[in-house]
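Report on the following structure.
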Ligand code: BEZ
Ligand code: FE
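Residue numbers (our numbering): 12 to 315.
Have a look at this one:
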């Protein structure tokens, strides 16, 4: 069809017929519909293909997979890139890079002062000690910052979503001490993969892609007067380190993993088995006026 003919159809269809439209919603929906009309026309989408797509979207909603699809198609990364650009344009520099939150955070994890053990002791995995300091971009420690941490177990599954795990397993909020320090003991995570044969997996396969993430640990780091930092660290050496289906890997977020076998180091850490250690400091950017909020509102799970 001629674009002009499509536009004429749309002009009719998109004319308000009752009440005042909400301008922003109307502008965005009109644009999406127009672009989809063009796609249908350009690719000669047949009615059966169109209804197959509608059915796919319905099923993806029933499977609660839109959070996975948004990450897998790069939307979540794109929103981060835009926030980065807005901060850069406002002259905010330095600070730990942000990267995606993903859909597997659960609000309400226990609050611990200074240090925490995240695992409930039910898994055999490698012991990991992670520690560091929260600072501002001038290098000053931030005492009383909240470091919310969450990660998958040795099978790549997250508590709450995986009902076989205890509540808040591998999830805590740690308040930094007077020197801005945090420390936790946990079990080394494995990488996450989207549910096999689910909506995301089905789509990614058709795009010639996989649904794996490298092993990683998520963080929200927040303190009054600072922009909330949403980030992750990746576990070095993971085969998917630079092949993350959610596009979240950033070079600055791959700290060294030190493996300790030495009995003296083991005893000094208060442990009785070899362990891995990661040192990682977070640097927070100061809050600034007229920037999009770094406190992203999105539906999040909340444990009962
Ligand atoms: C994750 O962080 O584990 C994750 C991120 C995006 C989609 C699915 C999972
Ligand atoms: Fe994750």
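Yeah, the Cβ is synthetic: ideal placement off N, Cα and C, and Gly gets one too.
Contact check, residue i vs residue j, beta carbons under 8 Å
i, j, result
"residue 314", "residue 78", "no"
"residue 202", "residue 76", "no"
"residue 245", "residue 200", "no"
"residue 270", "residue 116", "no"
"residue 126", "residue 195", "yes"
"residue 88", "residue 258", "yes"
"residue 224", "residue 172", "no"
"residue 152", "residue 186", "no"
"residue 143", "residue 193", "yes"
Anticipated Cβ contact below 8 Å, residue i with residue j, distance rounded
i, j, result
"residue 147", "residue 302", "Not really, about 17 Å apart at Cβ, beyond 8 Å."
"residue 248", "residue 204", "Not quite, the Cβ-Cβ distance comes to about 18 Å (not below 8 Å), so this is no contact."
Euclidean distance between Cα positions of residue i and residue j
i, j, result
"residue 17", "residue 180", "54 Å"
"residue 99", "residue 307", "18 Å"
"residue 139", "residue 169", "17 Å"
"residue 239", "residue 82", "20 Å"
"residue 145", "residue 280", "21 Å"
"residue 128", "residue 141", "10 Å"
"residue 161", "residue 110", "14 Å"
"residue 95", "residue 261", "13 Å"
"residue 149", "residue 178", "38 Å"
"residue 57", "residue 39", "25 Å"
"residue 273", "residue 250", "27 Å"
"residue 21", "residue 45", "7 Å"
"residue 123", "residue 268", "24 Å"
"residue 70", "residue 29", "32 Å"
Start-to-end residues for the alpha helix (DSSP H) that takes in residue i
i, result
"residue 24", "14-24"
"residue 88", "86-100"
"residue 298", "Careful: residue 298 lies outside any alpha helix (DSSP H) and carries neither H nor E."
"residue 306", "Segment: none, residue 306 is in no alpha helix (DSSP H) and carries neither H nor E."
"residue 168", "Per DSSP, residue 168 belongs to no alpha helix (DSSP H) and is neither H nor E."
Range covered by the beta strand (DSSP E) that runs through residue i
i, result
"residue 240", "240-245"
"residue 193", "192-198"
"residue 144", "138-147"
"residue 232", "227-233"
"residue 158", "157-162"
"residue 66", "Residue 66 -> not in any beta strand (DSSP E); alpha helix (DSSP H) instead, spanning 58-73."
Cross-strand partners of residue i (DSSP beta bridge)
i, result
"residue 124", "186"
"residue 289", "141"
"residue 27", "Beta-bridge pairing links residue 27 to no other residue."
"residue 81", "Beta-bridge pairing links residue 81 to no other residue."
"residue 223", "204"
Chain B contact for residue i (CB, 8 Å cutoff)
i, result
"residue 310", "The structure shown contains no chain B, having only a single protein chain."
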